[in-house]
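The structure appears right after this line, and notes come after that.
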Amino acid sequence: MPTIEVLTERVEPVTAVTMASEVFARFEREPDTLVIPVVDGERPLGLIERSDFLMKLAGPLGQSLYGAREITHVMDNEPAVVEAGVRIDAFSDIILKSGPGALMRGFIVTRNGAYRGVGTAVSLLRAVNAIQRQQNRDLTEQVRALSDAEVQAAAAAHAKSQFMGLMSRELRTPMTGVLAVAELLRRQPLNEAALAHVQTIIDSSETLLETLQDALDLARAEAGELELKPAPTPLRAVMDEVQTLWAPRAAQDGVTLMVGYEGDTELAGVLDSARLSQVFNNLIGHALKFARNGMVEASLKAVVIGDQVRLEARVRDDGPGVDPARIDQVFDHGAGPDGAGLGLSISRHLVEQMDGRIWVENNIGRGATFAFDLSAPRAILEQEAPSNVSTLNELDLQARPHVLIADDNATNRVVAQALCEMFGCTSETVEDGQEALEAVQVRSFDLILMDIKMPRLDGVQATQAIRALPGDSRNIPIVALTANADPEDAKHYLAVGMAAVVEKPIKPERLRMAMNAALASEASKGADTPAARKRPAA
Numbered sequence: 006m007p008t009i010e011v012l013t014e015r016v017e018p019v020t021a022v023t024m025a026s027e028v029f030a031r032f033e034r035e036p037d038t039l040v041i042p043v044v045d046g047e048r049p050l051g052l053i054e055r056s057d058f059l060m061k062l063a064g065p066l067g068q069s070l071y072g073a074r075e076i077t078h079v080m081d082n083e084p085a086v087v088e089a090g091v092r093i094d095a096f097s098d099i100i101l102k103s104g105p106g107a108l109m110r111g112f113i114v115t116r117n118g119a120y121r122g123v124g125t126a127v128s129l130l131r132a133v134n135a136i137q138r139q140q141n142r143d144l145t146e147q148v149r150a151l152s153d154a155e156v157q158a159a160a161a162a163h164a165k166s167q168f169m170g171l172m173s174r175e176l177r178t179p180m181t182g183v184l185a186v187a188e189l190l191r192r193q194p195l196n197e198a199a200l201a202h203v204q205t206i207i208d209s210s211e212t213l214l215e216t217l218q219d220a221l222d223l224a225r226a227e228a229g230e231l232e233l234k235p236a237p238t239p240l241r242a243v244m245d246e247v248q249t250l251w252a253p254r255a256a257q258d259g260v261t262l263m264v265g266y267e268g269d270t271e272l273a274g275v276l277d278s279a280r281l282s283q284v285f286n287n288l289i290g291h292a293l294k295f296a297r298n299g300m301v302e303a304s305l306k307a308v309v310i311g312d313q314v315r316l317e318a319r320v321r322d323d324g325p326g327v328d329p330a331r332i333d334q335v336f337d338h339g340a341g342p343d344g345a346g347l348g349l350s351i352s353r354h355l356v357e358q359m360d361g362r363i364w365v366e367n368n369i370g371r372g373a374t375f376a377f378d379l380s381a382p383r384a385i386l387e388q389e390a391p392s393n394v395s396t397l398n399e400l401d402l403q404a405r406p407h408v409l410i411a412d413d414n415a416t417n418r419v420v421a422q423a424l425c426e427m428f429g430c431t432s433e434t435v436e437d438g439q440e441a442l443e444a445v446q447v448r449s450f451d452l453i454l455m456d457i458k459m460p461r462l463d464g465v466q467a468t469q470a471i472r473a474l475p476g477d478s479r480n481i482p483i484v485a486l487t488a489n490a491d492p493e494d495a496k497h498y499l500a501v502g503m504a505a506v507v508e509k510p511i512k513p514e515r516l517r518m519a520m521n522a523a524l525a526s527e528a529s530k531g532a533d534t535p536a537a538r539k540r541p542a543a
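Quick note on numbering: the sequence shown equals residues 6 to 543 in the working numbering.
Right, dumping it as structure tokens:
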């Protein structure tokens with residue numbers, strides 16, 4: 006098993022007398038630097054973690070409090086320090102047992118007490134993933150002559166997929182809290198500099214969440230566990246959504262983005278729209294990295310052939326192109342020109358799982374074109390009732406309901422309460438579904454915001470228990486708050502009696518829309534209006 010030294014990145018350290026403003030400028034120059042060590046000679050003194058540092062500067066009077074002070078006033082003076090000879094598996098066990106907070110921090114690597122480099126949760130994930138892949142390859146070679154070789158290889162891939170799922174969940178929970186708090190900060194009356202810092206926190210957090218999802222998707226794909234959910238999908242709408250998502254990012258990067266669709270505007274195919282969009286997003290995100298102050302063109306051509314729709318997708322940039330010697334390996338994990346190559350590798354898996362073909366070729370002149378072709382059954386679209394809040398009208402809250410917030414995560418409760426206060430609502434909080442069930446039987450509420458994954462009774466079980474109560478309590482509208490908000494999950498939550506589903510990290514507009522929908526649904530059933538419902542005196 007390799008030692009922790011393989012995770013080491015030789016980040017240039019700073020000294021104790023370095024000013025915080027200099028460190029901030031360095032983070033701006035080095036967007037990929039996540040942590041910076043502070044040393045005295047060769048002896049490590051502390052660690053500056055990017056998100057934590059920027060959060061401090063984004064706070065009230067952050068620049069004036071810290072900008073002109075030495076970095077020792079804002080550094081973590083008790084960082085995790087590990088000797089270079091420690092095995093990765095032993096270190097991973099220690100980190101996992103330390104809880105989600107430890108995963109979010111970087112660590113310093115030393116040799117005989119002298120600074121050697123730094124490591125991060127991302128580097129740990131990549132290293133563990135690489136080690137597991139190597140172990141899988143070694144295992145496959147060792148059992149190649151055995152009749153059960155395929156079974157053992159599948160078991161190893163499944164184990165890796167489970168491990169990556171655990172790592173993703175452990176990291177996603179605190180990152181969701183960071184995003185939610187940053188979103189609240191962004192809505193405060195901050196100056197332009199502070200707003201820029203908050204936006205950096207949001208962008209960095211979203212990038213890490215995307216990297217986690219990519220790593221998890223890749224592990225599932227390699228284990229054969231990445232499922233597709235085909236459904237009738239309007240093809241023109243896919244490209245409209247792609248343009249809406251990427252146009253602001255391209256403009257920010259000084260890139261001209263052109264998104265085109267060629268074909269019948271009413272044409273639809275039976276395919277997984279989320280995965281098709283994911284492939285486009287991965288290819289466009291990759292192209293933008295190499296087309297600074299240039300051009301990116303994304304297009305989809307749809308042709309009807311019998312009862313099938315032939316899709317021809319292209320993403321073209323005018324960057325430096327791909328090294329001809331590596332063009333055949335560009336979709337291999339770890340071999341991509343963007344370093345990790347996660348997005349390109351996942352795109353290959355997805356396209357191949359949809360029985361398609363993906364490839365890259367250099368343009369005549371400058372740049373490269375990433376292309377994929379696939380076919381899907383033609384579909385006839387039917388109007389369906391809205392299944393989630395994305396289809397609801399965006400209205401201000403007309404009532405001022407008293408809300409019960411059920412969530413086992415303290416940060417999520419704080420965020421939900423702040424949003425309720427922003428909407429003019431009153432609220433109370435409980436920490437799990439069992440407490441929510443008990444609360445509605447002794448106090449009156451107009452609405453419940455219900456987390457899904459909680460101890461004792463989870464959100465689904467609590468909803469079912471509330472719906473089984475006698476009296477008016479059984480009719481309280483319930484809005485699900487969850488990180489699992491794909492269409493199938495949303496249908497299940499609605500089927501058990503919830504009124505709407507809101508995905509975490511919570512967006513204020515989406516929560517307001519869901520609360521309006523839930524309250525409107527209650528009113529349409531003939532229930533008392535929330536404002537008229539009597540509550541016991543405090």
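Backbone N, C-alpha and C define an ideal beta-carbon position, used for all residues, glycine too. Please read these numbers as outputs of a predicted model, since none were measured by experiment.
Take residue i and list the residues in its own chain whose beta-carbon comes closer than 7 Å to its own, dropping the five residues that flank it on each side.
i: SER392; result: In this prediction, SER392 scores a pLDDT of 40, lower than 50, which makes its location untrustworthy; the coordinate-derived value is nonetheless stated afterwards. Taken in chain order, the residues that qualify are PRO492, ALA495, LYS496, LEU499.
i: GLY361; result: PHE377, ASP378, LEU379
i: LEU349; result: ASN287, HIS291, VAL335, PHE336, GLY341
i: VAL91; result: THR8, ILE9
i: GLN68; result: LEU62, ALA198
i: PRO235; result: VAL275, LEU276, ASP277
Kindly indicate which three-state DSSP category residue i falls into: helix, strand or coil?
i: GLY274; result: strand
i: SER56; result: helix
i: VAL501; result: coil
i: GLY46; result: coil
i: ASP219; result: helix
i: VAL114; result: strand
i: SER352; result: helix
i: ALA384; result: strand
i: ASP337; result: coil
i: GLY1; result: Because the chain is modelled from 6 through 543, residue 1 falls outside the range shown and cannot be assessed.
i: ARG515; result: helix
i: SER392; result: Any answer about SER392 is weak, because its pLDDT of 40 lies below 50 and its placement is not dependable; what the coordinates show is given next. SER392: coil per DSSP, three-state reduction.
i: GLU17; result: coil
i: ASP451; result: coil
i: GLU436; result: coil
i: PHE32; result: helix
i: MET359; result: coil
i: ARG142; result: helix
i: ALA488; result: coil
i: ALA373; result: strand
i: ASN480; result: helix
i: HIS8; result: Before going further, note that residue 8 is Thr rather than His in the sequence given. Strand at THR8.
i: VAL420; result: helix
Alpha carbon to alpha carbon, how far is residue j from residue i? Give it in angstroms, no decimals.
i: PHE375; j: GLY46; result: 48 Å
i: THR181; j: ALA488; result: 9 Å
i: ASN196; j: PRO7; result: 48 Å
i: GLY502; j: ASP277; result: 27 Å
i: GLY438; j: ARG461; result: 7 Å
i: VAL484; j: ARG121; result: 50 Å
i: LEU240; j: ALA279; result: 12 Å
i: VAL86; j: THR416; result: 28 Å
i: ARG517; j: THR38; result: 36 Å
i: GLY324; j: VAL301; result: 9 Å
i: LEU355; j: THR20; result: 47 Å
i: THR238; j: SER352; result: 19 Å
i: ASP208; j: ALA201; result: 10 Å
i: SER282; j: ILE511; result: 22 Å
i: PRO253; j: LEU184; result: 19 Å
i: ILE53; j: THR205; result: 16 Å
Quick one: residues in its chain with C-beta nearer than 8 Å to the C-beta of residue i, no 5 flanking neighbours on either side, listed in chain order?
i: GLU426; result: SER432
i: ARG383; result: LEU272, ALA273, GLY274, VAL275, VAL309, ASP312, GLN313, VAL314
i: GLN422; result: ILE410, SER432, THR434
i: ASP3; result: What the structure shows of the chain is the stretch from 6 to 543, and residue 3 is not part of that stretch, so it cannot be assessed.
Could you name the residues of the same chain whose beta carbon sits closer than 6 Å to that of residue i, not counting the 5 residues immediately before and after it, in chain order?
i: GLU317; result: LYS306, ASP378
i: ARG116; result: ALA89
i: MET459; result: ASP413, ASP437, GLY438
i: LEU250; result: none
i: PHE450; result: HIS407, LEU409, ILE481
i: ALA519; result: VAL394, VAL484, ALA505, VAL507
i: ILE453; result: LEU409, ILE481, ILE483
Closest Cβ-Cβ distance between residue i and chain D: below 8 Å?
i: ARG371; result: Looking for chain D here will not work: only one protein chain is present.
- Query: Taking only runs of the beta strand (DSSP E) that begin and end inside the segment 226-313, which ones reach a length of at least 3 residues, in chain order?
  - Reply: 236-239, 261-267, 273-276, 300-310
- Query: Would you call the segment 231-250 and the segment 363-372 touching, i.e. three or more CB-CB distances under 8 Å?
  - Reply: Below 8 Å, too few C-beta pairs join the segment 231-250 and the segment 363-372 to call them touching: fewer than three.
- Using 8 Å as the threshold, is the segment 261-280 in touch with the segment 306-314, meaning 3 or more CB pairs across them? yes
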